[in-house]
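Student:
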Amino acid sequence: MTLTAAVVCPHPPLLVPELAAGEPVAVREPAIQAVRRLVAGGPDAVVVVGDAPRTRPYAAGESGSLAGYGVPLLVTLGSATPEAAPTLPLSLTVGAWLLGQVLWEGAVTGLGVSATTSAADAARLGAELAGSARRVALLVMGDGSARRTAGAPGGFDSRADGHDAAVAAALATGDAAALLSLDPALSRELMAAGRASWQVLAGARLADATLTATAHDPDITMSDTRTWSWMSRAEYVAAPYGVGYVVAVWEQGSPW
Numbered sequence: 006m007t008l009t010a011a012v013v014c015p016h017p018p019l020l021v022p023e024l025a026a027g028e029p030v031a032v033r034e035p036a037i038q039a040v041r042r043l044v045a046g047g048p049d050a051v052v053v054v055g056d057a058p059r060t061r062p063y064a065a066g067e068s069g070s071l072a073g074y075g076v077p078l079l080v081t082l083g084s085a086t087p088e089a090a091p092t093l094p095l096s097l098t099v100g101a102w103l104l105g106q107v108l109w110e111g112a113v114t115g116l117g118v119s120a121t122t123s124a125a126d127a128a129r130l131g132a133e134l135a136g137s138a139r140r141v142a143l144l145v146m147g148d149g150s151a152r153r154t155a156g157a158p159g160g161f162d163s164r165a166d167g168h169d170a171a172v173a174a175a176l177a178t179g180d181a182a183a184l185l186s187l188d189p190a191l192s193r194e195l196m197a198a199g200r201a202s203w204q205v206l207a208g209a210r211l212a213d214a215t216l217t218a219t220a221h222d223p224d225i226t227m228s229d230t231r232t233w234s235w236m237s238r239a240e241y242v243a244a245p246y247g248v249g250y251v252v253a254v255w256e257q258g259s260p261w
């Protein structure tokens, strides 16, 4: 049982064309192509991970609504019959939509992760996910700082560019230790919604690693001890609307 691949995507509602009103959305195609690559390896299961009001699993068949963004569109996690009432947070709703675009019909579940989740707890959640199927793939949904420009949702913060540059570098190079070192308090101040979900990914990646120590969370950091190679790259890095977006692909095994 192991993690075989992961894709990181942002989750703006505008990824869904019906909400974009014809506006070009540059991140959409890289995100769809990355998810297509994620499922091309034929994992036994896909788990969609994203920020949520509280930490809890979501089952196939649970749905999310985009009605709050102006379009009465219901998106279901997997191909099961949708539940009566929408329950998915935005992150998992957009993730479920991406899986629908690549026609994934295999096993799928979701994991919502609260912004209050510590790095240690996020890493433990990731380790559990890595052991949840013989070959599991993660679709990790998360935005960077929403404080990159004066017109951003949270206004401008001079620390946001540096924070997001560090995140983008870690995701592009597959640096799980760097992701685990992200400061939860700083991420909250910068409105970086993806922090806890990225740390779940890091925990899954290092599920067989050795526990050490970290300045921000002394309970856990992981030093990579895996012997097989991982390939990683960023497919898209930008900050439209003043929010940091990264699309990245992590794969175990042979080079690109």
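In the working numbering, the protein residues as written are 6 to 261.
For each residue, glycine too, the CB sits at the ideal point set by N, CA and C.
Remember, predicted model here, so these are calculated numbers, not experimental data.
#1: Note down the Cα distance separating Gly27 from Arg33, rounded to an integer number of angstroms.
#2: Suppose the cutoff is 8 Å on Cβ atoms and the five residues either side in sequence are ignored; what does the same chain contact list for Glu23 look like?
#3: Would Val80 and Ala64 qualify as a contact pair, given that the criterion is a beta-carbon distance under 7 Å?
#4: Count Cβ pairs between the region 133-140 and the region 188-200 that sit closer than 8 Å; are there 3 or more?
#5: Give a yes or no on contact between the region 146-157 and the region 178-185, applying the rule of three or more CB pairs nearer than 8 Å.
#6: Reducing DSSP to helix, strand and coil, say where Arg238 ends up.
#7: Thinking C-alpha only, which one of Ala124, Pro48, Gly105, Ala132 is nearest Ala142?
#8: Report yes if the CB atom of Ala177 is closer than 7 Å to the CB atom of Ala239, and no otherwise.
#9: Determine the DSSP secondary structure at Arg263, reduced to helix, strand or coil.
#10: Which runs of the beta strand (DSSP E), 3 residues or longer, sit entirely within the region 135-183?
#11: Could you work out which residue in Thr92, Gly105, Gly66 is closest to Thr86 when comparing CA atoms only?
#12: What do you get for Gly258, buried or exposed, if any count of 16 or more other CB atoms within 10 angstroms of its CB means buried?
#13: Where do the ends of the beta strand (DSSP E) carrying Ser61 lie?
#14: If we ignore side chains and look at the alpha-carbon of each, how far apart do Gly111 and Ser163 end up?
Tutor: Looking at the atomic coordinates:
#1: 13 Å
#2: Leu71, Val76, Leu78
#3: no
#4: no
#5: no
#6: strand
#7: Pro48
#8: yes
#9: The question about residue 263 has no answer, for the chain in this structure spans 6 to 261.
#10: 140-146
#11: Gly66
#12: exposed
#13: Correcting the residue type first, residue 61 is Arg in the shown sequence and not Ser. It spans 61-63 - the beta strand (DSSP E) in which Arg61 sits, taken as one unbroken run.
#14: 43 Å
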